[in-house]
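All residue numbers for the sequence shown refer to my numbering, where the first residue is 99 and numbers rise by one. C-beta atoms are modelled at their ideal positions from N, C-alpha and C, and glycine is treated no differently. Structure record follows, encoded as structure tokens.
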Amino acid sequence: MAQVETLTLTSLWTLVTSPNSFYVLGYAWLFGMSLWVTFFGGVIAFRALPRQMFGNLQHKTFPIYFVISMVLSSALLTFWTLSHPNVVDHITRPYVADVAQAYALATVLLGQAFNYFVIGPLTSKTMFQRHKLEKEEGKIYNEPGVSDEMKALNRRFGTLHGVSSLANLSAVIALGFHGLWIGSFGLKTN
């Protein structure tokens with residue numbers, strides 16, 4: 099028969115001071131935020147707001163999302179690496195389970211950093227160039243008869259948006275993999 103555990107001041111103190119508790123909360127925050135931004139928040143905003151207002155909203159919220167993602171994934175990766183010595187010893191062997199988890203967290207960090215420092219600014223710049231050209235031409239970006247310049251901006255924006263989405267989706271998948279791992283095998287810190 100399973101032993102019943104009771105809450106005590108000591109167990110509650112351990113709960114709020116354990117590094118594992120903070121790890122799980124950080125992971126939950128990062129994964130939940132990533133799921134919301136990727137699959138829900140953007141879709142809702144896209145449907146509810148005029149296109150240019152939606153673009154302006156994304157321009158303001160995505161940098162915050164990417165920074166929080168980088169900070170949390172850096173903290174998780176640091177904790178994981180420090181508490182799993184196998185990561186450093188076997189860093190070139192991704193089939194070692196602890197290393198695979200570090201790679202997953204590094205995927206999140208690198209993908210979101212790429213979005214924050216490179217793709218995001220280029221996408222925003224292209225979006226605002228499109229907005230300006232729409233005003234100058236008096237046509238929406240996808241109307242028949244737009245200029246060749248607008249068509250080039252449309253292609254550039256589509257490419258940048260696709261690359262950004264792929265980097266973000268890679269981060270979400272990596273976080274899902276990591277969550278399944280810690281859910282099945284725990285943190286197993288040394």
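{"query": "Three-way DSSP call (helix, strand, coil) for E247 in this model", "result": "helix"}
{"query": "Closest by C-alpha distance to T224, when choosing among G153, A269, L203, A143", "result": "G153"}
{"query": "Touch test, the segment 248–257 against the segment 177–187, Cβ-Cβ under 8 Å, three pairs minimum", "result": "no"}
{"query": "For L203 and L267, the rounded distance between their alpha carbons", "result": "13 Å"}
{"query": "CB-CB length for S167 against L128, believed under 8 Å", "result": "6 Å"}
{"query": "N213 classed as buried or exposed, judged by whether at least 16 other C-beta atoms fall within 10 angstroms", "result": "buried"}
{"query": "Inter-residue spacing [alpha-carbon to alpha-carbon] between N118 and P192", "result": "23 Å"}
{"query": "Nearest-angstrom Cβ-Cβ length linking L264 and T221, presumed shorter than 8 Å", "result": "Contact flag wrong, Cβ pair sits at about 13 Å."}
{"query": "Cβ pair S172, L207 closer than 8 Å", "result": "yes"}
{"query": "Cut-off 6 Å between Cβ atoms - residues of its own chain near K237, not counting five sequence neighbours on either side", "result": "V244"}
{"query": "C-beta atoms of Q210 and W178 nearer than 8 Å", "result": "no"}
{"query": "Option in F275, M131, H188 with minimal Cα separation from F160", "result": "M131"}
{"query": "Endpoints, the alpha helix (DSSP H) within which S181 is located", "result": "149–181"}
{"query": "Residue environment, D196, which counts as buried when at least 16 other CB atoms sit within 10 Å", "result": "buried"}
{"query": "Through-space distance from G140 to Q156, alpha-carbon basis", "result": "8 Å"}
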